[in-house]
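**Student:** Here it is, the structure in full.
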Amino acid sequence: MIKTERILHLKSCRGRKVRVVREHYLREEVPCYSSLCQGGCVNDGKVLPGDLIHYVVPDVGMVVDYMEILELRELQGIVFTQTACQGVQHSKGRRQYNRLRNLLKDPRHDCVLFANEYQEYSYCPREKGESQEKWQTR
């Protein structure tokens with residue numbers, strides 16, 4: 005487990021500058037929910053079927069713009085990242101985010117949520133001065 009820190013500089017209600025440090029832990033054993041995984045992940049709950057040969061990993065822009073297409077049952081093997089889900093909630097609001105959550109909960113759709121913010125090998129820290137949109141598409 006690796007510990008990283010996110011440092012935020014905020015202003016208090018009185019106008020004073022406040023430094024907030026948030027600890028962020030990265031783990032190696034975050035489940036990927038693929039039945040074809042060779043890493044020996046402990047996959048609890050919904051797992052993608054083993055007969056799929058390709059996975060779709062959409063970014064925030066694709067989820068926001070093409071949600072109707074991603075809801076089709078013919079499209080299988082969709083891996084939504086945690087950062088994409090957070091980006092949808094931030095940019096489009098609660099209604100679009102609830103549609104995405106319902107899609108993930110539906111057992112008829114072959115789609116899963118991957119916690120890329122906490123996986124050691126997929127975590128990508130935000131660069132200094134980088135906008136949130138640039139960071140989410142990178």
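Just add 4 to the spot in the sequence shown (first one is 1) and you have the working numbering.
Positions of the beta carbon are idealized from the N, C-alpha and C atoms, including for glycine.
From the DSSP output, in three-state form, read off Lys7 for me.
**Tutor:** Strand.
**Student:** Do the stretch 6–15 and the stretch 23–33 touch if we need at least three Cβ pairs shorter than 8 Å?
**Tutor:** With a cut-off of 8 Å, the stretch 23–33 and the stretch 6–15 count as touching, because enough Cβ pairs lie within range.
**Student:** Run through DSSP, which three-state label would His94 get?
**Tutor:** Helix at His94.
**Student:** At 3 residues or longer, and completely inside the stretch 33–117: list those beta strand (DSSP E) runs for me, N to C.
**Tutor:** Counting only runs of 3 or more, we get 82–85.
**Student:** Drop a sphere of 10 angstroms on the beta-carbon of Val83, count the other beta-carbons inside from all chains shown, and report buried for 16 or more, exposed for fewer.
**Tutor:** It counts as buried.
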